Amino acid sequence: MKRFDLQPRAATPLRRLARASSGVAYGEYVILTVVVGLLVAGALVAVGVPLLASFRRTQLLLGAPVP
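This is the structure in structure tokens:
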């Protein structure tokens, strides 16, 4: 009697990777990369918004007509 595999074939390599120690390290690197990416994005927003406002204010002052 044949045993039917109910799980998709793509899940098998992922499970094998998760069981291996290299798979655990890979998962840690993915999590670390995501956390660093979120921190960088937050820093860009925190610095970028005031910097853009300052740039636009300076641009307005330089472009204003001189009496």
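Residue numbers for the sequence shown, in my numbering: 1 to 67. All C-beta atoms, glycine included, are put in the ideal place defined by N, C-alpha and C. Please read these numbers as outputs of a predicted model, since none were measured by experiment.
Is residue i helix, strand or coil by DSSP?
i          : result
alanine 41 : helix
proline 65 : coil
alanine 46 : helix
alanine 25 : helix
alanine 53 : helix
For residue i and residue j, I'd like the C-alpha separation in whole angstroms.
i             : j          : result
isoleucine 31 : glycine 37 : 10 Å
glycine 42    : leucine 61 : 29 Å
threonine 58  : valine 40  : 26 Å
tyrosine 29   : alanine 20 : 15 Å
threonine 33  : valine 66  : 50 Å
arginine 15   : glycine 23 : 9 Å
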